[in-house]
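In the working numbering, the protein residues as written are 59 to 220.
Every residue, glycine too, gets a C-beta built ideally from N, C-alpha and C.
Worksheet: the structure to be examined is printed underneath.
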Amino acid sequence: MSRVQLALNVSDIDAAVAFYTKLFGAEPAKRHPGYANFAIAEPPLKLVLIEHGAGRGAGVSGALNHLGVEVESPEEVQAATRRLSSEGLAPDVQESTTCCYAVQDKAWVDDTDGVPWEIYTVLADAPEESGLGCSTGGCAPAEEQAAPIGAATGHSAARACC
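The following block contains the structure:
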């Protein structure tokens, strides 16, 4: 089986493990002091978490825009939204958002270090970008897309889109 590996620096391994257990509905495959990895079946993903002091993880994560999981239908986004809500993660839901030259339904949550994750589906192609912040139904302008992780202060903040 092939899968993507994603290694993230985190500032608090326990909080990060708790978040990713909720996000993916799976327990870590390996857990050691300062280290955890998940072998996620759906979506196929090897997620590695490495604990670093507060400054280093934030600086490295700052190079990321956001992370996401593409699903095949709006019903899957809705099911993920219900599951995340039941886990207390309060997803920010956006329906029929024009983003990345596509109309999408999506739900956003931030991890324990402020890294935004989206679960989304593409509904249709779109001929152009809307140029609006995601909180108002579209993608963040290019200058906001380049902003480092942590620039967004919550689920309703403007977010770059995939």
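Relative to the alpha-carbon of residue i, which residue among the options has its alpha-carbon at the smallest distance?
{"i": "L142", "options": "F77, Q152, D171 and S131", "result": "F77"}
{"i": "P91", "options": "E85, A84 and I108", "result": "I108"}
{"i": "P174", "options": "E85, D72 and H124", "result": "H124"}
{"i": "V161", "options": "R140, S144 and P132", "result": "P132"}
Answer with buried or exposed for residue i, where buried requires no fewer than 16 other C-beta atoms within 10 angstroms of its C-beta.
{"i": "Q63", "result": "exposed"}
{"i": "Y178", "result": "buried"}
{"i": "A148", "result": "exposed"}
{"i": "D150", "result": "buried"}
What's the C-alpha gap between residue i and residue j?
{"i": "A99", "j": "A184", "result": "31 Å"}
{"i": "Y93", "j": "T79", "result": "14 Å"}
{"i": "H110", "j": "A74", "result": "12 Å"}
{"i": "A97", "j": "A87", "result": "6 Å"}
{"i": "E176", "j": "G126", "result": "5 Å"}
{"i": "L181", "j": "A137", "result": "16 Å"}
{"i": "S69", "j": "F82", "result": "20 Å"}
{"i": "L66", "j": "E130", "result": "26 Å"}
{"i": "K164", "j": "S154", "result": "8 Å"}
{"i": "Q152", "j": "C158", "result": "14 Å"}
Specify whether the region 103-110 and the region 161-175 touch according to this definition: at least 3 beta carbon pairs, one from each stretch, less than 8 Å apart.
No, the region 103-110 does not touch the region 161-175.
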